[in-house]
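Colleague:
Residue numbers (this note's numbering), protein chains in the order written: chain A, 1 to 112; chain B, 1001 to 1113.
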């Protein structure tokens, strides 16, 4: 069993839709949870960062962590064609200074 | 800042040849990470350094892979001899203790024929 599971998709939605991306993880010791966005032929870049459980909102993006069910979510409101990318969830014991365990990544396409 | 710099951006080589990938981290960052990304296995950590010292190399697939960081501004990942199954995109990332993110370079696309 992989430590972080993520449906690779692809996921295709019309512009303006609400997008829900999800991951599950197996190790209850993980404390840091991240979402990275990766455009085609580029390196991943941090989108959202949360510590422990709860919600975090940044513009059209909301990250949610439920440690009781080991479930990580990213919601995108009013999705735009520019949101088309691969979204990778990641977890860590020690934030950005240690090993990040990545999910497989979900490829999202937002159609105009 | 120029960000994390990797070279070459593309590499095509034949099985059995030595391959050296290079990385220049963001100035002042004290952590450096090497990742490999494939369709089958996703993004996997190979090794990471703190202040030029290797901390965790448990992700290095086998003895054919080696990594060095001779100084704070340069690291190499070497594959010798290379095999077709090493074909992947190799990313270097750097980070600074206290910040939230690892900054990834653009990657090196390696194809071993």
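For glycine and all other residues, C-beta sits at the position ideal for the given N, C-alpha and C.
#1: Would you decide whether residue 44(A) is buried or exposed? Buried here means 16 or more other CB atoms lie within 10 Å of its CB.
#2: With a cut-off of 8 Å, does the C-beta of residue 1038(B) fall near any C-beta of chain A?
#3: Name the chain B residues whose beta carbon is nearer than 7 Å to that of residue 102(A)?
#4: Quick check: the segment 12-32 of chain A against the segment 1077-1087 of chain B, are there 3 or more CB pairs under 8 Å?
#5: Is it true that the segment 85-96 of chain A meets the segment 1062-1077 of chain B, where meeting means three or more beta-carbon pairs spaced less than 8 Å apart?
#6: Can you tell me which of the three DSSP states residue 1030(B) falls into?
#7: With 9 Å as the limit, tell me which residues of the segment 1061-1081 of chain B have their beta carbon closer than that to any beta carbon of chain A; keep them in chain order.
#8: Would you say residue 88(A) lies against chain B (beta-carbon separation less than 8 Å)?
#9: Are residue 64(A) and residue 105(A) closer than 8 Å when you measure CB to CB?
#10: Just how far apart, CA to CA, sit residue 80(A) and residue 73(A)?
#11: With 7 Å as the C-beta to C-beta threshold (strictly closer), list the residues of the segment 12-43 of chain A near chain B in chain order.
#12: Give the C-beta separation of residue 1096(B) and residue 1028(B) to the nearest angstrom, bearing in mind that I take them to be a contact with Cβ-Cβ under 8 Å.
Modeller: Inspection of the coordinates gives the following:
#1: Taking the first residue of the first chain as 1, we reach residue 44(A) at position 44. Per the 10 Å Cβ criterion, buried.
#2: Mapped onto the second chain, residue 1038(B) falls at position 38. Output row for residue 1038(B): interface = no.
#3: On the first chain, position 102 is the one that residue 102(A) refers to. The contacting residues are 1042 and 1043.
#4: Too few Cβ pairs lie closer than 8 Å, so no.
#5: Cβ pair count under 8 Å is below three, so no.
#6: Counting from 1 along the second chain, the entry for residue 1030(B) is found at position 30. Note: residue 1030(B) maps to coil in three-state DSSP.
#7: none
#8: Within the first chain, numbered from 1, the residue matching residue 88(A) stands at position 88. Chain B, which has a Cβ nearer than 8 Å to the Cβ of residue 88(A), makes this yes.
#9: Translated into the one-based positions of the first chain, residue 64(A) becomes position 64. Translated into the one-based positions of the first chain, residue 105(A) becomes position 105. Result no, Cβ atoms of residue 64(A) and residue 105(A) do not sit closer than 8 Å.
#10: As a working mapping, residue 80(A) is identified with position 80 in the first chain. As a working mapping, residue 73(A) is identified with position 73 in the first chain. Cα to Cα, residue 80(A) sits roughly 19 Å from residue 73(A).
#11: Those residues of the segment 12-43 of chain A that come within reach of chain B (Cβ to Cβ, closer than 7 Å) are 42 and 43.
#12: For the purposes of this step, residue 1096(B) is taken as residue 96 along the second chain, with counting starting at 1. For the purposes of this step, residue 1028(B) is taken as residue 28 along the second chain, with counting starting at 1. Right, the Cβ-Cβ distance comes to about 7 Å (below 8 Å), so this counts as a contact.
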